[in-house]
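Novice: Numbering (numbering that gives the first Met the number 0), first residue to last: 0 to 146. Cβ coordinates follow ideal geometry from the N, Cα and C atoms, glycine included. Take a look at the following structure, please.
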Amino acid sequence: MKISMKLTILAIAAAPLTLSAPALADNNCGSSDESTIIQSMNRVLGQAEEVMLLDGIQASNICLVNVNESLNGDIVTLLAVERLAALNDLQIGALQSVLSDLIVIAAGDDVIDIEDFLNDNDISLEDIVAADVASGNLILFYMPAPV
């Protein structure tokens with residue numbers, strides 16, 4: 000999909016969204032907490048625009064954060080995050096569309112798309128609910144489907 004078409008999708012999806020302050024994420028996946036996850040989910044479209052600029056990102060600069068594990072079993076917060084994901088469904092779909100065209104430079108300078116990268120990590124593109132771009136690093140927050 001061309002960038003202008005993606006921008007159109009993002010513009011349409013942005014209409015009902017109210018943006019919060021930018022999320023500041025650590026490069027350490029283990030440090031993602033409730034506030035980082037919620038802030039990133041509230042900025043889905045802004046982050047989607049930044050993701051479009053990352054084409055050709057090194058695999059080592061991508062961090063994958065399992066939302067369920069990061070919340071350490073806090074069921075109340077998990078329900079709030081799931082509700083937020085449902086409310087932001089259109090925006091999350093726009094982010095997933097942008098991600099679907101992202102090219103990743105893997106080990107040995109192999110060029111793969113993000114879906115292959117995610118599949119290698121047992122994650123589906125549809126599991127991605129938020130992203131954060133910070134200092135050239137891409138943090139992808141995912142919620143695996145229940146088994």
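Whole angstroms is fine: what's the gap from SER59's alpha carbon to ALA84's?
Specialist: When rounded, the distance between both Cα atoms is 27 Å.
Novice: Distance, Cα to Cα, LEU117 vs MET40?
Specialist: About 19 Å.
Novice: Considering only residues of the same chain and omitting the five flanking positions on each side of ASP112, which have a CB-CB separation below 8 Å?
Specialist: These residues qualify, in order along the chain: SER99, ASP100, LEU101, ILE102, VAL103.
Novice: Considering LEU94, what are the terminal residues of the beta strand (DSSP E) in which it resides?
Specialist: That residue, LEU94, is in no beta strand (DSSP E); its alpha helix (DSSP H) goes 88 to 99.
Novice: Hey, out of THR76, ASP121, LEU139, whose CA is closest to CYS147's CA?
Specialist: Residue 147 is absent from the structure shown; the chain starts at 0 and stops at 146.
Novice: Which residues bound the beta strand (DSSP E) around ASP112?
Specialist: It spans 110 to 112 - the beta strand (DSSP E) in which ASP112 sits, taken as one unbroken run.
Novice: What first and last residue would you give for the alpha helix (DSSP H) that runs through ASP47?
Specialist: Correcting the residue type first, residue 47 is Ala in the shown sequence and not Asp. 43 to 50 is the span of the alpha helix (DSSP H), which, as asked, contains ALA47.
Novice: Does the stretch 70 to 78 come close enough to the stretch 117 to 127 that 3 or more CB-CB pairs lie under 8 Å?
Specialist: No contact exists between the stretch 117 to 127 and the stretch 70 to 78.
Novice: Quick one: residues in its chain with C-beta nearer than 7 Å to the C-beta of ILE91, no 5 flanking neighbours on either side, listed in chain order?
Specialist: Counting only Cβ-Cβ distances below 7 Å, and skipping sequence neighbours, we find VAL43, ALA84, VAL128.
Novice: Once DSSP output is grouped into helix, strand and coil, what is the label at ASP32?
Specialist: Residue state, collapsed to three classes: coil.
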